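Participant: Each residue of the sequence shown is one higher than the one before, starting from 2 at the first, in our numbering. My structure is below; once you've seen it, I'll send some questions.
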Amino acid sequence: MESVMLIINNCRVFDGVNDTVKDDQSVIVENGQIRDVVSGRETAAAAEVIDARGATLTPGLIDAHVHVLAAHASLRQVDLMAPSYVAQFAHHSLRAMLRRGFTSVRDAAGADYGLAQAIEEGLIDGPRLFYCGKALSQTGGHGDWTPFEGGCICGCGASTSISRIADGVESVQHAARDELRRGAHHIKIMAGGGVASPSDPIDVLQYTEDEIRAIVWEANAWGKYCLAHAYIPEAISRCLEYGVRSIEHANLIDRSSCELAKQKGAFIVPTVSTYEALAKHGREMGLPEVSCAKVEDVRQQGLDALELLRDTGVQVGLGSDLLGDMQRYQMREFALRGEAFTPTEVLRQATSINARLLDREGSLGVVQPGALADLALWDGCPDQDLGVLEYPEKTLKAVIKGGRQVVL
């Protein structure tokens, strides 16, 4: 097979791991992988050469909490939309994320093998897609959109656009096995109350110990892991004790839960940008009134939690969790985290730490020999000023996925 080579000259390199950014570097890409990173300029007769002109090269960004099928702020409305429309929305969403510099995303409920296959085969443009299929929710849990006046959804496989209802150990085992059969990279558990769901208070616990342990066992048996939606300390701690690897949101986390996460080697994935977007735009974009009221219950605490996570040294991943047209605010996640973390800490969260969370350490999220050539080139110094990332339409000079330039 003929070798395909790309050389990026004259760039500053943030490698995804170290605070130090090296100037005047050349990154040599061959057949979709990084072959070498060297000082000075490199040339090769058959290579495509990009002169970065001093711009900053980072690993391609990774968002560890997206919902590409969330075509509306009200997830119940998504259930009423034509599947063909939702699929087109997902394509639009994925393409926009790629053009913001995200070369990998972890979908936290909704996306399936079909979207991932379409990206893999080049039918649609998008980041590498790590998916779980439908999240597992108990009746009346965070994945149950049944209105108060509606009848109870039975626990025998009823589902929504992003979730499936499963009650009892046998039912959750079947649901987890079914998602794993469909190729899920991870299994999502709705383990506590949430903002988007109509009937469950934020502080309610969801799923029993036996149910959560059963789901985790099934995922682990396939060499996969579980992530869990959880806000309050007790919900977080239960999940960590029962083997969940990744806690989503965690707005109300306390020091004890942080220490437990650190002890277990788990990850916390805050999603602070979604609460800002929901507070500013949720009502006008169709978020139900009951959910609008819940936003203010968790918004400020989510920002405060960042400092606690920083101080306790927990592994923190980067996620956004934006719904509908609010997905355009994905880059706000960086600036909001910058209130608690340094720019390089935030960049690591969006690169090497998220790669570790995805079990892709060393192949994604780094600019190092042997890694996949997923890269982003920025006009400016995001390692010093996260504002560089906020408007990629102005500052993003190039995106490279698998060694090939993306058309911006």
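Note that CB positions come from ideal geometry on N, CA and C, so glycine has one too. All of these numbers come straight from a predicted model, not from anything done at the bench.
Mind pulling the beta strand (DSSP E) runs of 3 or more residues that sit fully within the region 19 to 65?
Facilitator: Fully enclosed beta strand (DSSP E) runs of 3 or longer: 23 to 31, 34 to 40, 49 to 52 and 57 to 60.
Participant: Within 10 angstroms of its Cβ, does S85 collect 16 or more other Cβ (buried), or is it exposed?
Facilitator: In the sequence shown, residue 85 corresponds to position 84, counting from 1. Around the beta carbon of S85, fewer than 16 other beta carbons sit within 10 angstroms, so the residue counts as exposed.
Participant: For the 8 Å Cβ check, are there 3 or more pairs between the region 97 to 113 and the region 50 to 63?
Facilitator: yes
Participant: Within 10 Å of its beta-carbon, does T396 have 16 or more other beta-carbons around it, so buried, or fewer, so exposed?
Facilitator: Here residue 396 corresponds to residue number 395 of the sequence shown, with the count starting at 1. Classification for T396: buried.
Participant: Verify whether the separation of the beta carbon atoms of A267 and L241 is less than 7 Å.
Facilitator: Position 266 of the sequence shown, counted from the first residue, corresponds to residue 267. Position 240 of the sequence shown, counted from the first residue, corresponds to residue 241. Yes, Cβ-Cβ distance for A267 and L241 is below 7 Å.
Participant: Quick check for students: name the residue ranges of the alpha helix (DSSP H) that lie wholly in the region 185 to 236, counting only runs of 4 or more.
Facilitator: 210 to 222
Participant: For a test of the three-state rule: what should DSSP assign to C155, helix, strand or coil?
Facilitator: As a working mapping, residue 155 is identified with position 154 in the sequence shown. Bear in mind that the predicted position of C155 carries a pLDDT of just 49, short of 50, making it unreliable; the figure below should be weighed with that in mind. The three-state secondary structure of C155, taken from DSSP, is coil.
Participant: Taking only the alpha-carbon atoms, compute the straight-line gap between V67 and E260 and give it to the nearest angstrom.
Facilitator: In the sequence shown, counting from the first residue as 1, residue 67 sits at position 66. In the sequence shown, counting from the first residue as 1, residue 260 sits at position 259. Answer to the nearest angstrom: the Cα atoms are 26 Å apart.
Participant: Count the CB pairs spanning the region 182 to 200 and the region 279 to 294 that are closer than 8 Å, and state whether there are at least three.
Facilitator: Contact between the region 182 to 200 and the region 279 to 294 is present, because at least three Cβ pairs lie under 8 Å.
Participant: Does DSSP put C12 in a helix, a strand or coil?
Facilitator: Mapped onto the sequence shown, residue 12 falls at position 11. Three-state DSSP puts C12 in a strand.
Participant: Note down, in chain order, each residue of its chain lying with its Cβ closer than 7 Å to the Cβ of R284, except the 5 sequence neighbours on either side.
Facilitator: Walking along the sequence shown from the start, residue 284 turns up at place 283. Around R284: C293.
Participant: Buried or exposed: where does E212 fall if 16 or more other Cβ atoms within 10 Å of its Cβ makes it buried?
Facilitator: Here the question's residue 212 lines up with position 211 in the sequence shown. With 16 or more other Cβ atoms within 10 Å, it is buried.
Participant: Considering only C-alpha positions, which residue in the set R349, V299 and I190 is nearest to G134?
Facilitator: For the purposes of this step, residue 134 is taken as the residue at position 133 of the sequence shown. Per the Cα distances, I190.
Participant: Starting from the Cα of G339, find the closest Cα among A229, V273, Q139 and A377 and give me that residue.
Facilitator: Position 338 of the sequence shown, counted from the first residue, corresponds to residue 339. Answer by Cα proximity: V273.
Participant: So, do the region 8 to 18 and the region 364 to 381 have three or more beta carbon pairs nearer to each other than 8 Å?
Facilitator: yes
Participant: If distances are taken between C-alpha atoms only, which option among R54, V50, A45 and I35 comes closest to D25?
Facilitator: Mapped onto the sequence shown, residue 25 falls at position 24. Comparing Cα positions, the closest option is R54.
Participant: Would you kindly check if the distance between the Cβ of I233 and the Cβ of D204 is under 7 Å?
Facilitator: Along the sequence shown, one-based indexing puts residue 204 at 203. Along the sequence shown, one-based indexing puts residue 233 at 232. Yes. Within cutoff.
Participant: Who are the Cβ neighbours of A1 in its own chain at under 7 Å, not counting the five residues just before and after it?
Facilitator: Any property of residue 1 remains undetermined from this structure, which presents the chain solely from 2 to 409.
Participant: Tell me which residues share the same chain as P1 and place their Cβ nearer than 8 Å to its Cβ, disregarding the 5 neighbours each side in the sequence.
Facilitator: The shown model of the chain, from 2 to 409, leaves out residue 1, and the question about it has no answer.
Participant: Taking 7 Å as the CB-CB cut-off, is S274 touching chain C?
Facilitator: Absent here is chain C; the protein component of the structure consists of one chain.
Participant: Taking 7 Å as the cut-off, decide whether the C-beta atoms of A231 and I248 are in contact.
Facilitator: Within the sequence shown, numbered from 1, the residue matching residue 231 stands at position 230. Within the sequence shown, numbered from 1, the residue matching residue 248 stands at position 247. Yes.
Participant: What did DSSP end up calling K263 once you bin it into helix, strand or coil?
Facilitator: As a first step, residue 263 is located in the sequence shown; it is residue number 262 there, counting from the start. Here K263 sits in helix by DSSP.
Participant: Using 10 angstroms around the beta-carbon of G115, count the other beta-carbons present and answer buried if the total reaches 16, otherwise exposed.
Facilitator: Looking up residue 115 in the sequence shown gives position 114. When all chains shown are included, G115 counts as exposed.
Participant: Can you tell me which of the three DSSP states V400 falls into?
Facilitator: In the sequence shown, residue 400 corresponds to position 399, counting from 1. The answer is strand: DSSP assigns V400 an E or B state.
Participant: So, helix, strand or coil for D312, using DSSP?
Facilitator: As a working mapping, residue 312 is identified with position 311 in the sequence shown. Correct three-state label for D312: helix.
Participant: Does the beta-carbon distance from V79 to D108 come in below 7 Å?
Facilitator: The residue labelled residue 79 in the question sits at position 78 within the sequence shown. The residue labelled residue 108 in the question sits at position 107 within the sequence shown. No; because the gap between Cβ atoms is not below 7 Å, this pair is not in contact.
Participant: Would the beta-carbon of V245 fall within 7 Å of that of A215?
Facilitator: Taking the first residue of the sequence shown as 1, we reach residue 245 at position 244. Taking the first residue of the sequence shown as 1, we reach residue 215 at position 214. No, Cβ-Cβ distance for V245 and A215 is not below 7 Å.
Participant: Do A374 and I9 count as a contact pair if the criterion is CB distance below 7 Å?
Facilitator: Here the question's residue 9 lines up with position 8 in the sequence shown. Here the question's residue 374 lines up with position 373 in the sequence shown. Against a cut-off of 7 Å, the Cβ pair of A374 and I9 comes out as no contact.
Participant: Is the distance from the Cβ of A56 to the Cβ of K398 below 7 Å?
Facilitator: For the purposes of this step, residue 56 is taken as the residue at position 55 of the sequence shown. For the purposes of this step, residue 398 is taken as the residue at position 397 of the sequence shown. For A56 and K398, yes; Cβs fall inside 7 Å.
Participant: Roughly how many angstroms separate the alpha carbons of K295 and D113, rounded to a whole number?
Facilitator: The residue you call residue 295 lines up with position 294 of the sequence shown. The residue you call residue 113 lines up with position 112 of the sequence shown. Going from the Cα of K295 to the Cα of D113 covers about 29 Å.
Participant: Who are the Cβ neighbours of T104 in its own chain at under 6 Å, not counting the five residues just before and after it?
Facilitator: Residue 104 sits at position 103 when you count from the first residue of the sequence shown. Once the five neighbours on either side are set aside, the close Cβ partners of T104 are G61, P128, D375 and K402.
Participant: Determine which residues share a DSSP beta bridge with I1 and list them.
Facilitator: Absent from the structure is residue 1, since the part of the chain shown begins at 2 and ends at 409.
Participant: Short check: CB of I188 to CB of A177, under 7 Å?
Facilitator: What you label residue 188 is simply residue 187 of the sequence shown in a count that begins at 1. What you label residue 177 is simply residue 176 of the sequence shown in a count that begins at 1. Going by C-beta atoms, I188 is nearer than 7 Å to A177.
Participant: Nearest by alpha-carbon distance to T209: which of G144, V170 and D322 is it?
Facilitator: Taking the first residue of the sequence shown as 1, we reach residue 209 at position 208. It is V170 whose Cα lies nearest to the Cα of T209.
Participant: By how many angstroms is the C-alpha of E346 removed from the C-alpha of L387?
Facilitator: By 1-based counting over the sequence shown, the position of residue 387 is 386. By 1-based counting over the sequence shown, the position of residue 346 is 345. Each residue's Cα considered, the two are about 11 Å apart.
Participant: Is DSSP giving T104 helix, strand or coil here?
Facilitator: Mapped onto the sequence shown, residue 104 falls at position 103. Three-state DSSP puts T104 in a strand.
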